[in-house]
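Asker: Encoded as structure tokens, here's the structure I'll be asking about.
Number of protein chains: 2
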Amino acid sequence: MDIELLLDILGNETRREILQMLTERRCYVSQLSEELNIGQKAIISHLEIMEKAGLLEPHFEKVEKGRPRKYFHVSQNLVMEVNLFSKLFDVKLHSPCMDEDVLEEFPRIKGLYRELRSVALGERDIAELEEIREELLRERERLTEARKAVDFLLTQLSGSLGEERIDQSLKKAFR
Amino acid sequence: MDIELLLDILGNETRREILQMLTERRCYVSQLSEELNIGQKAIISHLEIMEKAGLLEPHFEKVEKGRPRKYFHVSQNLVMEVNLFSKLFDVKLHSPCMDEDVLEEFPRIKGLYRELRSVALGERDIAELEEIREELLRERERLTEARKAVDFLLTQLSGSLGEERIDQSLKKAFR
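Heads up: the sequence lines are chains D and B, in that order.
Counting from 1, one number per residue, gives the positions in the first sequence under the working numbering.
Counting from 1001, one number per residue, gives the positions in the second sequence under the working numbering.
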């Protein structure tokens, strides 16, 4: 997945609306066209761009009468992160993945991983999955807060580096 | 800061290039125009859009002869996060901030916070700032890896929720 291309795609409101709809449910062209009130030709062109970029995939489903219907769904799992600070601009793409070290360094994640495995192995009831999911979402939120704190410390720091006198903002932050 | 507007702005390659240049050093219009090989009128129009959105600010610096020169710099500290999963599309804006709870829950961040405070209070040498900065960047990386692991577990889960039989991919993930 090309970052520049992804930014170009996300810069278009209609394409964002299409992605929104397709993550809520699979749709075919005329559904998108009607709901977004945009001509089918334009919808098809947006879908083609996103399919070519690897964000979407089509699949066919049988209908009672007539030809199979062509649906689209989002075929990516990705997190794009844009960092814009006074002295840094970068864009990164992350794909979900499991680094073994993480399990050792973050006991809560290890705990959730184990619970999930127990369910997968049939040792625990599948009804617990919803609870595990909520716990994972909370953990995600905690990690986001932790990153915001690290970013806060980094922004306090960036004015001070290389200066003889500590930046006023740094002093103020620790008053 | 409006998320839709930010996505629109970042969807334009020239504006991304301008942001890149301005985070590396402050620039005035003709510098941007020359380096990016784009007419001054177009540059001015991009700068206006980004200034109006609150991403940029101008400031004036005296020059030996003639009128003060108008420079631009990035006036925001923000992280934008785009989550695109098969069943979720959302975009979030984070501003760096320090939540007190984070310090209690993440001992490493607390340690770095304390070191930074010691320097700010003059108890430790300013030369240590560079080391603290590198440690903060490593911590940021660790937290990013942890989030990727949580996302991995969430993606494994999403196929299984609400289904009687555990999804094959979940079983595969824990083989």
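C-beta atoms are modelled at their ideal positions from N, C-alpha and C, and glycine is treated no differently.
For H94/D and L78/D, which I take to be in contact (beta-carbon distance under 8 Å), what is that distance rounded to the nearest angstrom?
Answerer: Between L78/D and H94/D the Cβ distance is about 7 Å, and since that is below 8 Å, they are a contact.
Asker: For a contact defined as C-beta to C-beta under 7 Å, what are the partners of H73/D on chain B?
Answerer: Simply S1086.
Asker: Looking only at its chain, what residues have a beta carbon closer than 8 Å to the beta carbon of L1103/B, apart from the 5 residues adjacent to it on each side?
Answerer: So the qualifying residues of the chain are I1109, K1110, Y1113.
Asker: At least one CB of chain D closer than 8 Å to the CB of C1027/B: is that the case?
Answerer: No, C1027/B does not count as interfacial toward chain D.
Asker: Our contact map puts E1057/B next to H1073/B with C-beta atoms below 8 Å; I'd like the distance itself, whole angstroms only.
Answerer: With 8 Å as the limit, E1057/B and H1073/B qualify as a contact, their Cβ atoms being about 6 Å apart.
Asker: Relative to the C-alpha of D8/D, which residue among A53/D, E34/D, R25/D is closest?
Answerer: Nearest C-alpha to D8/D: A53/D.
Asker: Who are the neighbours of V63/D on chain B, taking C-beta pairs under 9 Å?
Answerer: Ordered by position in chain B, no residue passes the 9 Å Cβ test against V63/D, which lies about 23 Å from the chain.
Asker: In chain order, what are the residue ranges of uninterrupted alpha helix (DSSP H) at least 4 long that sit wholly in the stretch 1088-1120 of chain B?
Answerer: Complete alpha helix (DSSP H) runs here, min 4: 1100-1105, 1107-1120.
Asker: Taking a contact to mean a Cβ-Cβ separation below 8 Å, would you say L1129/B touches L157/D in this structure?
Answerer: Yes.
Asker: Does any CB atom of chain B fall closer than 8 Å to the CB of I132/D?
Answerer: Yes, because at least one Cβ of chain B sits closer than 8 Å to the Cβ of I132/D.
Asker: Quick one: what's got a C-beta closer than 7 Å to K87/D's C-beta in the same chain, skipping five residues either side?
Answerer: Here the set comprises S158.
Asker: DSSP has V1074/B in a bridge; who is on the other side?
Answerer: L1056/B, per the DSSP bridge assignment.
Asker: Assuming A1146/B contacts F106/D (C-beta within less than 8 Å), just tell me the rounded distance between them.
Answerer: Indeed they touch by this definition, with Cβ atoms about 5 Å apart.
Asker: Measure the Cβ-Cβ separation of F89/D and Q1020/B and say whether it is below 8 Å.
Answerer: Against a cut-off of 8 Å, the Cβ pair of Q1020/B and F89/D comes out as a contact.
Asker: Use the C-beta contact count for G122/D: other C-beta atoms within 10 angstroms, 16 or more gives buried, fewer gives exposed.
Answerer: It counts as exposed.
Asker: Find the residues of chain B that neighbour G11/D, judging by a C-beta separation of less than 7 Å, and give them in chain order.
Answerer: Simply L1007, D1008, L1010, G1011, N1012.
Asker: With 16 as the cutoff for other CB atoms within 10 Å, does L137/D come out buried or exposed?
Answerer: When all chains shown are included, L137/D counts as exposed.
Asker: Assign R142/D to buried or exposed, taking buried as 16 or more other Cβ atoms, counted over all protein chains shown, within 10 Å of its Cβ.
Answerer: Answer is buried; the Cβ neighbour count reaches 16.
Asker: Skipping 5 residues on each side, what residues in its chain have a beta carbon closer than 6 Å to that of R1069/B?
Answerer: Once the five neighbours on either side are set aside, the close Cβ partners of R1069/B are Y1028, E1061, V1063.
Asker: Within this structure, are the beta carbons of G39/D and S33/D separated by less than 8 Å?
Answerer: Yes. Within cutoff.
Asker: Buried or exposed: R25/D, going by 16 or more other Cβ atoms within 10 Å of its Cβ?
Answerer: Counting Cβ neighbours within 10 Å, R25/D comes out exposed, since fewer than 16 surround it.
Asker: Taking only beta-carbon atoms, is H94/D less than 8 Å away from chain B?
Answerer: Yes, its Cβ sits closer than 8 Å to a Cβ of chain B.
Asker: Counting only the same chain and skipping the five closest in sequence on each side, list residues whose C-beta sits under 8 Å from that of M50/D.
Answerer: Within the same chain, M50/D has close Cβ partners I9, R15, I18, L19, L56.
Asker: Would a C-beta distance cut-off of 8 Å place R1140/B and V82/D closer than the cut-off?
Answerer: No.
Asker: Mind checking if M98/D is an interface residue toward chain B, Cβ cutoff 8 Å exclusive?
Answerer: Yes, its Cβ sits closer than 8 Å to a Cβ of chain B.
Asker: List the residues of chain D whose Cβ lies closer than 7 Å to the Cβ of L1078/B, in chain order.
Answerer: Correct list: L84.
Asker: Give the residues from the stretch 1137-1157 of chain B that approach chain D closer than 8 Å (Cβ to any Cβ), ordered along the chain.
Answerer: Within the stretch 1137-1157 of chain B, the qualifying residues are L1137, E1139, R1140, R1142, L1143, T1144, E1145, A1146, R1147, K1148, A1149, V1150, D1151, F1152, L1153, L1154, T1155, Q1156, L1157.
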